[in-house]
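Residue numbers (this note's numbering), protein chains in the order written: chain A, 362 to 923; chain B, 139 to 319.
Where a beta carbon is used, it is the ideal one built from N, C-alpha and C, also for glycine.
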Ligand SMILES: Cc1cc2nc3c(=O)[nH]c(=O)nc-3n(C[C@H](O)[C@H](O)[C@H](O)COP(=O)(O)O)c2cc1C
Ligand code: SF4
Ligand code: FES
Ligand code: FES
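So, in structure tokens, the structure goes:
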């Protein structure tokens with residue numbers, strides 16, 4: 362494979378494309394809403410109506426507005442007045458049924474389209490950016506040709522031909538990219554560390570464990586545009602001197618696993634992965650490892666243990682994976698979205714990337730907006746965008762006349778941000794100042810019907826269930842915290858229980874071995890900080906004895922027979 | 139410490155085990171292991187394959203895997219019990235999985251769980267005595283956009299209410315119970 366071959370594939374793919382294109386979402390969200398049948402019907406109808414020359418049907422990935430799935434988009438060329446070129450008219454259809462699909466195709470032969478029209482000019486679409494999701498909903502995840510037609514794998518070619526490994530690291534450093542997995546560590550610095558650590562073999566690992574329940578940004582990238590992640594990993598491999606990559610995918614994501622398998626096989630067949638990529642001396646292979654349902658395996662040391670076929674229990678750091686990772690070798694570990702940024706940074710340059718976002722938070726971030734909000738789905742915006750814009754403008758505010766009370770960010774390790782603070786720019790540091798984290802990008806909107814103590818207990822139960830049990834503060838502490846929260850919720854607690862809750866939170870936070878335990882108190886602490894009144898409303902006055910209806914002065918124990 | 143005394147170290151004790159018992163699924167499992175070149179670090183992938191074939195992981199299966207990958211059975215058992223997706227007990231003919239991820243939680247997933255649990259007389263993770271229905275929970279199944287979500291025999295259902303869910307599992311409930319209980 363040479364650059365000319367790559368460009369050839371791209372040109373062929375573009376030529377073969379009929380002028381009109383119907384795109385049907387086949388990511389997990391829409392599939393569960395029945396998009397497979399819609400796709401079948403679209404293909405069947407195009408054939409039956411004799412439109413195969415004029416109309417193509419593409420099985421694409423997520424188009425962001427998942428709550429209205431199955432989504433279908435139709436692109437038609439229109440002769441634009443004045444200029445010579447042709448413009449594209451885009452139409453969106455939502456909650457499409459198989460019968461609607463028939464009518465959409467019938468529309469090309471003059472029939473009336475009965476499907477529900479969506480609004481591509483709405484704030485939901487207009488206020489979003491497209492960097493990580495630029496191909497999502499456009500390329501066909503199961504056909505590498507469509508990724509190549511979207512300039513795919515050209516960045517890999519570019520670094521292999523024109524960059525030394527050190528220059529790649531330099532470019533990533535200059536872009537200001539920070540890890541998207543939660544800790545926001547500067548990616549370039551991490552790459553430089555692994556590159557300089559000696560080791561006879563090195564590894565590139567992609568963390569696709571995405572354990573935050575209720576968030577699916579990474580899954581969406583893997584299902585919609587898997588080659589972008591493969592290309593990013595290969596570039597990373599070249600930069601740090603690794604020939605082997607692993608993707609650790611959550612076991613609950615069978616579709617992502619299947620699409621990755623397909624993508625790896627297709628890239629291998631074209632020589633874009635494997636030996637002597639683009640006739641250079643660089644070899645790079647990628648293997649998949651499937652998780653088996655353990656949140657703690659998102660933690661890097663636990664993840665590596667799991668890749669090596671062991672129980673996923675964390676180990677103390679240092680040593681960091683960068684020096685002592687898989688099989689004791691220097692290992693680069695990044696999140697899916699971190700790698701997904703890399704091909705674009707190489708293609709458009711570090712300066713372009715650094716021009717997006719804020720001073721210390723460059724680029725865009727994909728959020729998964731769910732909960733009590735009108736538009737749920739994927740949202741990509743520059744870092745530093747105010748929360749209000751995401752929740753109210755893009756998200757469309759609360760449904761059914763409810764009142765939004767808070768947004769939970771960062772999942773079980775994060776916190777709740779009250780509606781009064783929605784002018785906060787969404788950045789790593791500003792969220793941390795509010796006692797929350799950006800995490801991997803989960804954003805769950807809560808309204809006045811959600812009790813914040815219950816929310817705190819929900820996350821505590823999650824951490825309790827997911828604690829690996831290796832260290833006591835987390836194993837036993839989360840159980841006690843959960844008990845205390847339950848007591849408060851059931852109206853059996855007094856002021857002293859809240860004090861104990863706070864003291865115990867502090868202890869668990871500071872003495873746990875890994876991030877799971879250290880962050881487990883966050884949802885509780887942040888709700889205590891901003892919604893203390895909800896706790897207090899549940900407390901009973903008086904001492905514990907009074908609350909249990911015992912006499913104020915307990916019988917003196919000396920009176921009791923020994 | 140006692141557990142380690144006389145623990146079968148790989149081959150000896152397990153040598154006479156499986157494969158010969160005529161179940162073709164062991165051969166399929168063998169093929170799956172071969173695909174990973176019997177690498178010990180592929181243990182989790184192999185257990186996934188085994189669970190797909192058998193539906194659950196029982197002692198003979200775990201022993202077989204330990205034997206073929208030349209791993210101590212304690213290690214295989216340890217891994218199989220660590221991860222939530224592996225189950226060591228058989229499942230019912232039908233499964234109802236209720237998502238309890240955050241997006242579903244804020245849309246009252248617990249009402250779905252309670253409704254099925256009460257109607258079937260089983261808790262999360264249990265199977266009805268007649269072996270018809272297993273009730274499970276999982277934290278986020280992906281389609282959070284259509285929360286709350288349940289999965290009935292592998293088919294994802296969104297925007298469920300307790301009533302709509304009970305209507306669908308009615309046929310799998312033990313005799314004498316129904317949704318109205
Ligand atoms: C309990 C726990 C769970 C985690 N889960 C994830 C996860 O699901 N995905 C992820 O990318 N990082 C997760 N992390 C963070 C990783 O340990 C690691 O910092 C990250 O993958 C590094 O990649 P990055 O530099 O690209 O962000 C988790 C950390 C902890 C402590
Ligand atoms: S903090 Fe919790 S999850 Fe982390 S090692 Fe300790 S027990 Fe395990
Ligand atoms: S899954 Fe179809 S739009 Fe997101
Ligand atoms: S939280 Fe239930 S599907 Fe994501």
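- Query: For the region 647-673 of chain A, which residues have a CB atom closer than 9 Å to at least one CB atom of chain B, in sequence order?
  - Reply: 649, 650, 651, 652, 653, 654, 655, 656, 658, 667, 668, 669, 670, 671, 672, 673
- For residue 158 of chain B, does the three-state DSSP call read helix, strand or coil? Position 20 of the second chain, counting from 1, holds the residue named residue 158 of chain B. Since pLDDT at residue 158 of chain B reaches only 49, below the 50 mark, its modelled position is unreliable, and no value is offered.
- Task: Identify each residue in the region 279-305 of chain B for which the Cβ-Cβ distance to at least one residue of chain E is less than 7 Å, and report them in chain order.
- Result: No chain E is present in this structure, whose protein chains are A and B.
- Task: Can you give me the start and stop residues for the beta strand (DSSP E) that residue 481 of chain A sits inside?
- Result: For the purposes of this step, residue 481 of chain A is taken as the residue at position 120 of the first chain. Looking at the DSSP string, residue 481 of chain A is not in any beta strand (DSSP E), and its letter there is neither H nor E.
- residue 301 of chain B classed as buried or exposed, judged by whether at least 16 other C-beta atoms fall within 10 angstroms: Translated into positions along the second chain, residue 301 of chain B becomes position 163. Classification of residue 301 of chain B: exposed, given that the 10 Å Cβ count is below 16.
- Item | Distance between residue 404 of chain A and residue 481 of chain A (C-alpha atoms, nearest Å) | By 1-based counting over the first chain, the position of residue 481 of chain A is 120. By 1-based counting over the first chain, the position of residue 404 of chain A is 43. Using only the alpha carbons, I get a separation of about 24 Å.
- Close beta carbons around residue 807 of chain A, own chain, < 8 Å, minus the five adjacent residues each side: The count along the first chain starts at 1 and reaches residue 807 of chain A at position 446. Cβ within range, chain order: 732, 733, 765, 766, 767, 768, 769, 777, 813, 816.
- Got a sec: does ligand 1 put a non-hydrogen atom nearer than 8 Å to the Cβ of residue 790 of chain A? The count along the first chain starts at 1 and reaches residue 790 of chain A at position 429. No, the Cβ of residue 790 of chain A stays beyond 8 Å of every heavy atom of ligand 1.
- Message: With a threshold of 9 Å between beta-carbons, can residue 573 of chain A be considered close to chain B, or not?
- Response: Taking the first residue of the first chain as position 1, residue 573 of chain A is located at position 212. Interface residue, yes.
- Would you mind sorting residue 576 of chain A into buried or exposed? The rule is 16 or more other CB atoms within 10 Å of its CB. As a working mapping, residue 576 of chain A is identified with position 215 in the first chain. Classification for residue 576 of chain A: buried.
- Message: By the three-class DSSP mapping on this structure, what secondary structure does residue 424 of chain A have?
- Response: On the first chain, residue 424 of chain A is found 63 positions in, with the first residue counted as 1. Reduced to three states, the DSSP call for residue 424 of chain A is coil.
- Item | Beta-bridge partners of residue 383 of chain A, as assigned by DSSP | What you label residue 383 of chain A is simply residue 22 of the first chain in a count that begins at 1. Bridge partners of residue 383 of chain A: A/418, A/435.
- Query: Looking at C-beta atoms only, is the number of pairs between the region 515-529 of chain A and the region 634-649 of chain A that lie closer than 8 Å three or more?
  - Reply: yes
- Query: Should residue 925 of chain A be flagged as near chain B, meaning a C-beta pair shorter than 9 Å?
  - Reply: Here chain A has residues from 362 to 923 only, and residue 925 of chain A is not among them.
- Contained beta strand (DSSP E) runs [length at least 3] in the region 246-285 of chain B, N- to C-terminal order: 271-276
- residue 870 of chain A, DSSP secondary structure in three states: One-based indexing of the first chain puts residue 870 of chain A at position 509. Residue state, collapsed to three classes: helix.
- Query: From residue 895 of chain A to residue 310 of chain B, what distance separates their C-alpha atoms?
  - Reply: Here residue 895 of chain A is taken as the residue at index 534 of the first chain, counted from 1. Here residue 310 of chain B is taken as the residue at index 172 of the second chain, counted from 1. So the alpha carbons of these two residues sit roughly 41 Å apart.
- Kindly indicate the opening and closing residues of the alpha helix (DSSP H) around residue 548 of chain A. Walking along the first chain from the start, residue 548 of chain A turns up at place 187. Unbroken alpha helix (DSSP H) run through residue 548 of chain A: 548-557.
- Assign residue 439 of chain A to buried or exposed, taking buried as 16 or more other Cβ atoms, counted over all protein chains shown, within 10 Å of its Cβ. The residue you call residue 439 of chain A lines up with position 78 of the first chain. Result: exposed.
- Item | Cβ-based burial, residue 833 of chain A [other Cβ within 10 Å; buried from 16] | Residue mapping note: residue 833 of chain A aligns to position 472 of the first chain, counting from 1. Residue 833 of chain A comes out exposed.
- Query: Going by DSSP, which residues form a beta bridge with residue 844 of chain A?
  - Reply: Position 483 of the first chain, counted from the start, is the residue given in the question as residue 844 of chain A. For residue 844 of chain A, which the question treats as bridged, DSSP gives no partner whatsoever.
- Report the three-state DSSP secondary structure of residue 804 of chain A (helix, strand or coil). Here residue 804 of chain A refers to the residue found at position 443 of the first chain. Of the three classes helix, strand and coil, the one that applies to residue 804 of chain A here is strand, per DSSP.
- Would you tell me roughly how many angstroms separate the C-alpha atoms of residue 492 of chain A and residue 701 of chain A, rounded to the nearest one? Taking the first residue of the first chain as 1, we reach residue 492 of chain A at position 131. Taking the first residue of the first chain as 1, we reach residue 701 of chain A at position 340. Straight-line Cα distance between these residues: approximately 9 Å.
- Query: Using a C-beta to C-beta distance shorter than 7 Å, which residues of chain B count as neighbours of residue 614 of chain A?
  - Reply: In the first chain, residue 614 of chain A corresponds to position 253, counting from 1. Here the neighbours are 280.
- Message: I need the DSSP call for residue 148 of chain B, collapsed to helix, strand or coil.
- Response: The residue you call residue 148 of chain B lines up with position 10 of the second chain. Confidence at residue 148 of chain B is low in this model, with a pLDDT of 41, below 50, so the placement of that residue is unreliable and no value is reported for it.
- Query: Listing by chain order, which chain B residues have their CB less than 7 Å from the CB of residue 393 of chain A?
  - Reply: Sequence index remark: in the first chain, residue 393 of chain A carries index 32 (1-based). Going along chain B in sequence order, the residues near residue 393 of chain A (Cβ under 7 Å) are 281, 284, 294, 296.
- Starting from residue 454 of chain A, find everything on chain B with Cβ-Cβ shorter than 9 Å and list it in chain order. Here the question's residue 454 of chain A lines up with position 93 in the first chain. Residues of chain B passing the Cβ test: none, with the nearest at roughly 16 Å.
- residue 541 of chain A: beta carbon under 8 Å from a heavy atom of ligand 1? Here residue 541 of chain A refers to the residue found at position 180 when the first chain is read from its first residue. Yes; taking the cut-off as 8 Å, the Cβ of residue 541 of chain A has a heavy atom of ligand 1 nearer than that.
- Message: On a Cα-Cα basis, can you pick out the residue from B/188, B/162, B/264 that is closest to residue 229 of chain B?
- Response: On the second chain, residue 229 of chain B is found 91 positions in, with the first residue counted as 1. Checked all of B/188, B/162, B/264; the closest Cα to residue 229 of chain B is B/264.
- Item | Within chain A, partners of residue 199 of chain B - CB distance below 7 Å | The residue you call residue 199 of chain B lines up with position 61 of the second chain. What residue 199 of chain B touches in chain A: nothing, since even the nearest Cβ is about 15 Å away.
- Query: Apart from the five residues just before and just after residue 754 of chain A, which ones in its own chain have a Cβ nearer than 7 Å to its Cβ?
  - Reply: The residue given as residue 754 of chain A occupies position 393 in the first chain. Here the set comprises 484, 488.
- Kindly list the residues whose CB is nearer than 7 Å to the CB of residue 684 of chain A, restricted to its own chain and excluding five residues on each side of it in sequence; keep chain order. Counting from 1 along the first chain, the entry for residue 684 of chain A is found at position 323. Cβ neighbours of residue 684 of chain A beyond the five flanking positions: 558, 691.
- When the cut-off is 9 Å and only beta carbons count, does residue 328 of chain B lie next to chain A? Outside the displayed span of chain B (139 to 319) sits residue 328 of chain B, for which this structure offers no information.
- Message: Taking 8 Å as the cut-off, is the beta-carbon of residue 275 of chain B closer than that to any non-hydrogen atom of ligand 4?
- Response: Position 137 of the second chain, counted from the first residue, corresponds to residue 275 of chain B. False, no ligand heavy atom lies under 8 Å from that Cβ.
- Among residues of its own chain, excluding the 5 on either side of residue 682 of chain A, which ones have a beta-carbon nearer than 6 Å to its beta-carbon? Mapped onto the first chain, residue 682 of chain A falls at position 321. So the qualifying residues of the chain are 661, 692, 694.
- Assigned secondary structure, residue 765 of chain A (DSSP; H/G/I helix, E/B strand, else coil): Within the first chain, the letter at position 404 stands for residue 765 of chain A. Three-state DSSP puts residue 765 of chain A in a strand.
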